[in-house]
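Remarks on the structure that follows.
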């Protein structure tokens, strides 16, 4: 009984010591609280309570300490890159997430935000190790063990994990290695959460493989939009009433023919499915352009064209330049990724040597 009391006293002392540390760093605390919403606090205390009931207070505090600092790292990194984020949301037995409301403009921004989580998580783990050496409280030994595992696992190079987003600066092809590594984890220790991550990872790899194909379709769509804008320009230059009416009539006929071609193509069942799918997509896009723009109402039509062209150009440029980085940037990110992985791996082995598995504590 006295052993339990000592452990509770140690845990309470350790928790108070870290609280005092954060209050000393008021500026940092205010930054985190600035992002905190009611949903974050509710889900945080709910998760804390669930873990405490299931595994005890020491485990619950250690785990939530690691998760909070990891997700705060993402949010602080996103703030530095001026990317808006949603509040942190905690889900018992699954983890935590802080979504991005704004899209990163480049893979360098995505990589930086992703790196922020494991980096601050590693710093928090080192701090927990220091607290354990001072207080000898089990809660901080658990924080070292759990923090190293959580952050190391997140560095597996497959999207949607942090590691997959970090290596986008180097090459998304590294995701294939991440799939193999995650598949090995699934084989050794089957887990439904790992299966979900693996399925998302496979989807992301497929999307990446199809990226050049999608880019060509966007480029073809842009050419159609440009041609349609030229049609309006030629119509406005034409002062002959008869020729203008004839052009409008032919335009309506062409729109009807497009719909008929789409109908016939849908009814065909050919072996060249990829070609047929691309052709059908482009015909539908062309029909959409004719549906949204009428030569009889040039003002509204031109407004729609301008807005659509602007949107598609932005999408096309982003897709084309998103993964373009210099050799120097690839080397820097690669070294930072490897160093963090090795450092967290070392912390994991150190913590393993210092304590028995968490279930025995």
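Numbering (full-length UniProt numbering), first residue to last: 1 to 361. Backbone N, C-alpha and C fix where the C-beta goes; we use that ideal spot for every residue, glycine too. For clarity, every value in this text was computed on a predicted model and none was experimentally measured.
* Starting from the C-beta of residue 347, find all residues in its chain whose C-beta is less than 6 Å away, skip the five residues before and the five after it, and write them out in chain order. => 125, 148
* Between the C-alpha atoms of residue 261 and residue 288, what's the straight-line distance to the nearest angstrom? -> 14 Å
* Is it the case that the Cβ atoms of residue 155 and residue 212 are separated by a distance below 7 Å? -> no
* My understanding is that residue 362 touches residue 151, with C-beta atoms under 8 Å, so please give their C-beta distance in whole angstroms. => The chain is shown only over 1 to 361; residue 362 falls outside these bounds and no answer can be derived.
* Residue ranges of each beta strand (DSSP E) within the segment 229 to 310, 3 or longer -> none
* Asked: Would you say the segment 292 to 310 touches the segment 229 to 245, given that touching needs at least three Cβ pairs under 8 Å?
  -> yes
* the segment 165 to 172 in contact with the segment 105 to 116 per 3-pair CB rule at 8 Å -> yes
* **residue 327 to residue 321 span [Cα, whole Å]** => 15 Å
* Asked: Pick from 48, 81, 130: whose alpha carbon is nearest that of residue 94?
  -> 48
* Distance, residue 43 Cα to residue 35 Cα -> For residue 35, the predicted model reports a pLDDT of 47, less than 50, meaning its position is unreliable; a value from the coordinates is still stated below. Rounded to whole angstroms, residue 35 to residue 43 spans 15 Å at the Cα level.
* Measuring alpha carbon to alpha carbon, tell me which of 285, 332, 297 ends up nearest residue 309. => 285
* Asked: Does DSSP put residue 73 in a helix, in a strand, or in coil?
  -> helix
* Of all Cβ atoms in chain C, is any one closer than 7 Å to the Cβ of residue 150? -> The structure shown contains no chain C, having only a single protein chain.
* For the candidate residues 256, 72, 92, 82, whose alpha-carbon lies nearest to that of residue 55? -> 92
* To do: Indicate whether residue 58 and residue 142 have their beta-carbon atoms separated by less than 7 Å.
  => yes
* Asked: Thinking C-alpha only, which one of 297, 105, 87 is nearest residue 81?
  -> 105
* Nearest to residue 295 (by Cα), restricted to the options 86, 246, 281 -> 246
* **residue 161 versus residue 111 - alpha carbon distance** => 11 Å
* Asked: Going along the chain, which residues of its own chain have a beta-carbon closer than 7 Å to the beta-carbon of residue 185, five neighbours each way excluded?
  -> 194
* Taking only runs of the beta strand (DSSP E) that begin and end inside the segment 93 to 167, which ones reach a length of at least 3 residues, in chain order? -> 95 to 100
* **Beta-carbon proximity list for residue 144, same chain, < 6 Å, skipping 5 on both sides** => 125, 128, 129, 351
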